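A.B. asks: Here the protein sequences come in this chain order: F and W.
Numbering follows numbering that gives the first Met the number 0, in which position 184 of the first sequence is assigned residue number 183; successive positions increment by one, without gaps.
Numbering follows numbering that gives the first Met the number 0, in which position 349 of the second sequence is assigned residue number 348; successive positions increment by one, without gaps.
Number of protein chains: 2
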Amino acid sequence: MIIVSHRGPFTFVRRPDGSFEARRGAGGVVSALGPLLAGQGHLWVAAAMTDGDRDALREGAAGSDEIDVVLLDIDPALHRLHYDVISNSVLWFLHHDLFDLPRRPRFDQRFREAWEAYVEVNRIFARAVTDRAADGDVVLVQDYQLALVPGIIRVARPDLRVLHFNHTPFCGPDAIRVLPDMAARELCASMGGGPAGFHTERWAARYRASVQEVLGFEPPAFVASFGPDRVALEQVAASPETATALEVLEAQVGDRRLLLRTDRIEPSKNIVRGFLAYDLLLEQHPEWRDRVTFVALLYPSRESLLEYLAYGQEVEQAAARVNERWARDDWLPVIVDSRDDYPRSVAGLRRYDVLLVNPMKDGLNLVAKEGPMVNQSDGVLCLSREAGAFDELGDAALAVHPYDLEQTAATLHAALSMDPAERRTRAATLKERAGARTAHDWLVDQLRACGVDVDSVS
Amino acid sequence: MIIVSHRGPFTFVRRPDGSFEARRGAGGVVSALGPLLAGQGHLWVAAAMTDGDRDALREGAAGSDEIDVVLLDIDPALHRLHYDVISNSVLWFLHHDLFDLPRRPRFDQRFREAWEAYVEVNRIFARAVTDRAADGDVVLVQDYQLALVPGIIRVARPDLRVLHFNHTPFCGPDAIRVLPDMAARELCASMGGGPAGFHTERWAARYRASVQEVLGFEPPAFVASFGPDRVALEQVAASPETATALEVLEAQVGDRRLLLRTDRIEPSKNIVRGFLAYDLLLEQHPEWRDRVTFVALLYPSRESLLEYLAYGQEVEQAAARVNERWARDDWLPVIVDSRDDYPRSVAGLRRYDVLLVNPMKDGLNLVAKEGPMVNQSDGVLCLSREAGAFDELGDAALAVHPYDLEQTAATLHAALSMDPAERRTRAATLKERAGARTAHDWLVDQLRACGVDVDSVS
Chain F
0 MIIVSHRGPF TFVRRPDGSF EARRGAGGVV SALGPLLAGQ GHLWVAAAMT DGDRDALREG
60 AAGSDEIDVV LLDIDPALHR LHYDVISNSV LWFLHHDLFD LPRRPRFDQR FREAWEAYVE
120 VNRIFARAVT DRAADGDVVL VQDYQLALVP GIIRVARPDL RVLHFNHTPF CGPDAIRVLP
180 DMAARELCAS MGGGPAGFHT ERWAARYRAS VQEVLGFEPP AFVASFGPDR VALEQVAASP
240 ETATALEVLE AQVGDRRLLL RTDRIEPSKN IVRGFLAYDL LLEQHPEWRD RVTFVALLYP
300 SRESLLEYLA YGQEVEQAAA RVNERWARDD WLPVIVDSRD DYPRSVAGLR RYDVLLVNPM
360 KDGLNLVAKE GPMVNQSDGV LCLSREAGAF DELGDAALAV HPYDLEQTAA TLHAALSMDP
420 AERRTRAATL KERAGARTAH DWLVDQLRAC GVDVDSVS
Chain W
0 MIIVSHRGPF TFVRRPDGSF EARRGAGGVV SALGPLLAGQ GHLWVAAAMT DGDRDALREG
60 AAGSDEIDVV LLDIDPALHR LHYDVISNSV LWFLHHDLFD LPRRPRFDQR FREAWEAYVE
120 VNRIFARAVT DRAADGDVVL VQDYQLALVP GIIRVARPDL RVLHFNHTPF CGPDAIRVLP
180 DMAARELCAS MGGGPAGFHT ERWAARYRAS VQEVLGFEPP AFVASFGPDR VALEQVAASP
240 ETATALEVLE AQVGDRRLLL RTDRIEPSKN IVRGFLAYDL LLEQHPEWRD RVTFVALLYP
300 SRESLLEYLA YGQEVEQAAA RVNERWARDD WLPVIVDSRD DYPRSVAGLR RYDVLLVNPM
360 KDGLNLVAKE GPMVNQSDGV LCLSREAGAF DELGDAALAV HPYDLEQTAA TLHAALSMDP
420 AERRTRAATL KERAGARTAH DWLVDQLRAC GVDVDSVS
């Protein structure tokens, strides 16, 4: 079996003695698959992402005892066009409805050049597979950065069993028409040439309708969500770092209710509207003033893109406005923390009374499962119905309409006011459902979609 | 038969002697239906839009010998919420994909208040119908400003045969989820309770999918486009005003090719990208410098909305940038004319070599039919495939991808370079198709959708 993903399972960091340490990387796919594949003789193809990765690669040290990793050293200028321009500024925007369409996108020669770079990087990944794959190998290609890899592999090596799994939403048939024709066709032809997987039926349905629109046929698609790595999560939850972070958090919150969110600073996460809804809650329900603290643990993301820097400023301003309006001497209504501190996030998840997850659109949203899995306060989950995880957690969570501030404020009020018995029942259901689908299940579903006899691998 | 539309067939203007003149109003529905209904004893219900309308109404002079008009005097504050806020800033934006979703909309109490105003104005229209309709009358309700009227009428007067005809595109099932739930349900329930008409099958399909998403059933929908009023258009074309405008135009353009557009200043018309594509054309094809003039006849629109003022500035800046970059002493590459001068528009339509109609989305786009109908230069039509009219004119026009500047520039080049024989053939086909569907056909289709025995009215 060969896994192909943009980001690999390890980041290589040079030790003081000159050797390299293989650190488990961030990202949903990695944390889901890494532990499963360790020591099984599978191959993982990914791009070198850091200077450490590239140094280790050049010195022949980009290996690991756990997983056989093939890191690809991609020309930085080419990689930037592939990643920043096409993957993150076009495809991500398209799948999450982030374009201000009267103004963007404007497809011109620069788009064509960047698209050629996207094709070329996808070819480099495909070649790394076709050069190494044994007859009949299963190849699991991950996510929107590598959407053309399956198509290229199928032409070069018809013996391989290739699928694509998309971790984002997929745009609908109106939005796919925004892409230049040749790009839309290339994308749909590559993904549609074999099974394509999604975290929920909603994205699979949009994908089918889009391929139907562009190519005139309905492609095969399957649904397979995954869940957090419970063991790893509980290890962090039990760590001294988390215990310390929890103490700090308790001191900040005191005997108030803790309303929590933890997200990358990313427009689709809908962070600004979250603060606006909280502002509305404090306005409409004076009883919550000084009785709740909104802690937002936010991780800077894609800072090379102007759109993300601008959105980050809007987030800060929205939080500041809430504080200016409602703060009292001894109460700060919103605490924004943008340090990259995972134990602090886990401490927050352990302790929240209400967890707000209100994306405009989200392929799955792992936080919506991680929270209920480790929470110890019978916390209430307020979850956007536009997150893939909503289809699994649904009625045990409180549904959030991400564009409707009044509905969101009313949902927060309902969550904060919920009686202990209902909190307990819902939290128990959420905990069960959050753990119902493991990375193993997800992997097995992918193998089944490739026609593998699963008993031989599970 | 009762027609219900937001804007009526006449605007009342006070004469110097104190009496009122009923002037034929602007707008597609009016120019299509007005001449058909004159003197037939039908009723037309519409809002008083101007001070003249309201004055004529109060003085009992808001009548006409031609059509029996009922003008409604709506409280200005209520009307503003109905029209500016809900109709034009929410529903229009939704149906044309104009929202910058990470930032807008933000549905709060103000939206609720405005929605109540929208409901109330729709009730006022419905009541005007139910108070006057005879048993079994056919009621044809027009457009997105009055989407709740059919539902209200059906409850009050089940004997009436009511339909809704939507002149805009209709949003798809992802976009309808952006609306607050109760608004989406109310809208879909009203339109879905009877036949709903659209200019093209694409909008009908989106509408069916949206109602299916919101209410869980597939509603009846039909397709019926219309065409320009040929007689009225040819009258204007033959007028001395048009002849004068044509002379002015000829003097401006000289022996250069005339590239024309004429639109309201409206983000969905995609005017900025039109200039950017022209800029790209001049960059990539030096042979067109000083050989073509882009005349843009633009009508200010909805100037009470900030978004429209901002877009108007972007339009001006884009035109200015092209002129700064390419102008020569005796050649202005872009001429923007924002005077409200209909004969000048008709002169432009008569004379263009290439007509650019590149909306992001457009219910029908009447200019794409008016142009070929009166053009005398075997002009080439470059038409967005996202305009409803594209489905009728299709392969006789050159298809424009509205987001793809390079494709648009290449299409303009192909249009400007087309040999005379192909121009002639295409222009003849376009002329035929542009006139193929009349307002009468459109009216008959609506009556048929209401179950009327059409022979008795046609």
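Glycine included, C-beta positions come from ideal geometry on N, C-alpha and C.
Nothing here was measured: the structure is a model prediction, and the numbers come from that model.
Which partner residues does W/W330 have in the DSSP bridge list?
C.D. replies: In the second sequence, the residue the question calls residue 330 of chain W occupies position 331. Answer by DSSP bridge pairing, in chain order: W/R327.
A.B. asks: Let me know the secondary structure DSSP gives F/Q141 once reduced to three states.
C.D. replies: Position 142 of the first sequence, counting from 1, holds the residue named residue 141 of chain F. In this structure, F/Q141 counts as strand in the three-state DSSP scheme.
A.B. asks: F/D64 to F/M48, Cα distance in whole Å?
C.D. replies: As a first step, residue 64 of chain F is located in the first sequence; it is residue number 65 there, counting from the start. As a first step, residue 48 of chain F is located in the first sequence; it is residue number 49 there, counting from the start. Using only the alpha carbons, I get a separation of about 20 Å.
A.B. asks: Mark W/L397 as exposed unless 16 or more other C-beta atoms lie within 10 angstroms of its C-beta, in which case mark it buried.
C.D. replies: In the second sequence, the residue the question calls residue 397 of chain W occupies position 398. By the neighbour-count rule (16 or more Cβ atoms within 10 Å), W/L397 is buried.
A.B. asks: Using a C-beta to C-beta distance shorter than 7 Å, which residues of chain W count as neighbours of F/D390?
C.D. replies: Locating residue 390 of chain F in the first sequence gives position 391, where the first residue counts as 1. Those within 7 Å of F/D390 in chain W number zero; the least Cβ separation is about 14 Å.
A.B. asks: Apart from the five residues just before and just after W/D403, which ones in its own chain have a Cβ nearer than 8 Å to its Cβ?
C.D. replies: Along the second sequence, one-based indexing puts residue 403 of chain W at 404. For W/D403, where only same-chain residues beyond five positions count, there are no Cβ hits under 8 Å.
A.B. asks: Would you kindly work out how many angstroms separate the C-alpha atoms of F/A195 and W/H163, rounded to a whole number?
C.D. replies: Here residue 195 of chain F corresponds to residue number 196 of the first sequence, with the count starting at 1. Here residue 163 of chain W corresponds to residue number 164 of the second sequence, with the count starting at 1. Distance between the alpha carbons of F/A195 and W/H163: 40 Å.
A.B. asks: With H, G and I counted as helix, E and B as strand and the rest as coil, what does DSSP make of W/S457?
C.D. replies: Walking along the second sequence from the start, residue 457 of chain W turns up at place 458. Per-residue confidence for W/S457 stands at a pLDDT of 46, beneath the threshold of 50, marking its modelled position as unreliable; the derived number appears in the next sentence. Of the three classes helix, strand and coil, the one that applies to W/S457 here is coil, per DSSP.
A.B. asks: For a contact defined as C-beta to C-beta under 7 Å, what are the partners of F/F106 on chain W?
C.D. replies: Locating residue 106 of chain F in the first sequence gives position 107, counting from the first residue. Chain W residues near F/F106: Y402, D403, L404, E405.
A.B. asks: Excluding the 5 residues preceding and the 5 following F/A236 in the sequence, name in chain order all residues of the same chain whose CB lies nearer than 7 Å to its CB.
C.D. replies: Taking the first sequence and counting its residues from 1, one reaches residue 236 of chain F at position 237. Hits under 7 Å: V345, R349, V373.
A.B. asks: CB F/L304 to CB F/I264, shorter than 8 Å?
C.D. replies: Position 305 of the first sequence, counting from 1, holds the residue named residue 304 of chain F. Position 265 of the first sequence, counting from 1, holds the residue named residue 264 of chain F. Not closer than 8 Å, so no.
A.B. asks: Is there a C-beta anywhere in chain F that falls below 8 Å from the one on W/L279?
C.D. replies: Sequence index remark: in the second sequence, residue 279 of chain W carries index 280 (1-based). Yes, W/L279 counts as interfacial toward chain F.
A.B. asks: For W/G196, which residues does DSSP report across the bridge?
C.D. replies: Residue 196 of chain W sits at position 197 when you count from the first residue of the second sequence. Beta-bridge pairing links W/G196 to W/F164, W/F221.
A.B. asks: Distance cutoff 8 Å, beta carbons only. Does F/L97 sit that close to anything in chain W?
C.D. replies: Position 98 of the first sequence, counted from the start, is the residue given in the question as residue 97 of chain F. It does; some Cβ of chain W falls within 8 Å.
A.B. asks: Kindly list the residues whose CB is nearer than 7 Å to the CB of W/Y82, restricted to its own chain and excluding five residues on each side of it in sequence; keep chain order.
C.D. replies: The residue you call residue 82 of chain W lines up with position 83 of the second sequence. Only Q144 meet the Cβ criterion.
A.B. asks: Hey, how far is the Cα of W/R6 from the Cα of W/M0?
C.D. replies: Within the second sequence, numbered from 1, the residue matching residue 6 of chain W stands at position 7. Within the second sequence, numbered from 1, the residue matching residue 0 of chain W stands at position 1. The alpha-carbon atoms of W/R6 and W/M0 are separated by roughly 17 Å.
A.B. asks: With distances taken from CA atoms, which of F/A413, F/R201, F/A318, F/D329 is nearest F/A386?
C.D. replies: Numbered from its first residue, the first sequence carries residue 386 of chain F at position 387. When each option's Cα is compared against that of F/A386, the closest is F/R201.
A.B. asks: Taking 7 Å as the limit between beta carbons, can you name the residues of its chain near W/M359, skipping five residues before and five after?
C.D. replies: Indexing the second sequence from 1 puts residue 359 of chain W at position 360. Excluding positions up to five away in sequence, the list reads H95, D96, S267, N269, E385, P401.
A.B. asks: Give me the residue from W/E369, W/L429, W/L354 with the minimum Cα distance to W/A413.
C.D. replies: Counting from one through the second sequence, the residue named residue 413 of chain W turns up at place 414. The candidate whose alpha carbon is nearest that of W/A413 is W/L354.
A.B. asks: Assuming contact is defined by CB atoms lying nearer than 8 Å, are W/V105 and F/R272 in contact in what I supplied?
C.D. replies: What you label residue 105 of chain W is simply residue 106 of the second sequence in a count that begins at 1. What you label residue 272 of chain F is simply residue 273 of the first sequence in a count that begins at 1. Correcting the residue type first, residue 105 of chain W is Arg in the shown sequence and not Val. Yes, they are a contact pair.
A.B. asks: Just to confirm the assignment: which complete alpha helix (DSSP H) runs, minimum length 4, are found wholly within the segment 7-55 of chain W?
C.D. replies: Segments of the alpha helix (DSSP H) lying fully in the segment 7-55 of chain W: 27-36.
A.B. asks: So F/T428 is in the alpha helix (DSSP H); what residue range does that whole segment cover?
C.D. replies: Here residue 428 of chain F is taken as the residue at index 429 of the first sequence, counted from 1. Here the alpha helix (DSSP H) through F/T428 covers 419-433.
A.B. asks: Give every residue of the same chain whose Cβ lies closer than 8 Å to the Cβ of F/G450, excluding the five residues on either side of it in the sequence, and list them in chain order.
C.D. replies: The residue labelled residue 450 of chain F in the question sits at position 451 within the first sequence. Counting only Cβ-Cβ distances below 8 Å, and skipping sequence neighbours, we find R160.
A.B. asks: Going along the chain, which residues of its own chain have a beta-carbon closer than 6 Å to the beta-carbon of F/V210, five neighbours each way excluded?
C.D. replies: Here residue 210 of chain F refers to the residue found at position 211 when the first sequence is read from its first residue. Here the set comprises C187, G191, P218.
A.B. asks: Around the Cβ of F/P227, are there at least 16 other Cβ atoms within 10 angstroms (buried) or fewer (exposed)?
C.D. replies: Here the question's residue 227 of chain F lines up with position 228 in the first sequence. Per the 10 Å Cβ criterion, buried.
A.B. asks: For the alpha helix (DSSP H) containing F/Y117, list its first residue and its last residue.
C.D. replies: Mapped onto the first sequence, residue 117 of chain F falls at position 118. Its alpha helix (DSSP H) spans residues 108-129.
A.B. asks: For W/S383, does the three-state DSSP call read helix, strand or coil?
C.D. replies: By one-based count along the second sequence, residue 383 of chain W stands at place 384. Strand at W/S383.
A.B. asks: Does DSSP put W/F389 in a helix, in a strand, or in coil?
C.D. replies: Start at 1 with the first residue of the second sequence, and residue 389 of chain W comes out as number 390. Helix at W/F389.
A.B. asks: Within 10 Å of its beta-carbon, does F/L411 have 16 or more other beta-carbons around it, so buried, or fewer, so exposed?
C.D. replies: For the purposes of this step, residue 411 of chain F is taken as the residue at position 412 of the first sequence. Under this definition F/L411 is a buried residue.
A.B. asks: Taking the alpha-carbon positions, what's the W/I85 to W/R207 distance?
C.D. replies: For the purposes of this step, residue 85 of chain W is taken as the residue at position 86 of the second sequence. For the purposes of this step, residue 207 of chain W is taken as the residue at position 208 of the second sequence. The straight-line gap from Cα to Cα measures roughly 22 Å.
A.B. asks: Quick one: complete alpha helix (DSSP H) runs, 4+ long, within the segment 339-382 of chain F?
C.D. replies: The qualifying runs are 341-350, 366-373.
A.B. asks: Taking a contact to mean a Cβ-Cβ separation below 8 Å, would you say W/V138 touches W/V154 in this structure?
C.D. replies: Translated into the one-based positions of the second sequence, residue 138 of chain W becomes position 139. Translated into the one-based positions of the second sequence, residue 154 of chain W becomes position 155. No, the Cβ-Cβ distance between W/V138 and W/V154 is not below 8 Å.
A.B. asks: At 4 residues or longer, what runs of the alpha helix (DSSP H) sit wholly inside the segment 283-329 of chain F?
C.D. replies: Correct list: 305-325.
A.B. asks: Measure the alpha-carbon distance for W/N322 versus W/R290 and round it to whole angstroms.
C.D. replies: Within the second sequence, residue 322 of chain W is the residue found at index 323, counting from 1. Within the second sequence, residue 290 of chain W is the residue found at index 291, counting from 1. About 14 Å.
A.B. asks: Against chain F, which members of the segment 265-299 of chain W pass a CB distance test of less than 7 Å?
C.D. replies: Going along the segment 265-299 of chain W in chain order, one finds P266, R272, L275, L279 with a Cβ nearer than 7 Å to chain F.
A.B. asks: How far does the beta strand (DSSP E) with F/A398 in it reach, from first residue to last?
C.D. replies: In the first sequence, counting from the first residue as 1, residue 398 of chain F sits at position 399. Note, F/A398: beta strand (DSSP E), 397-399.
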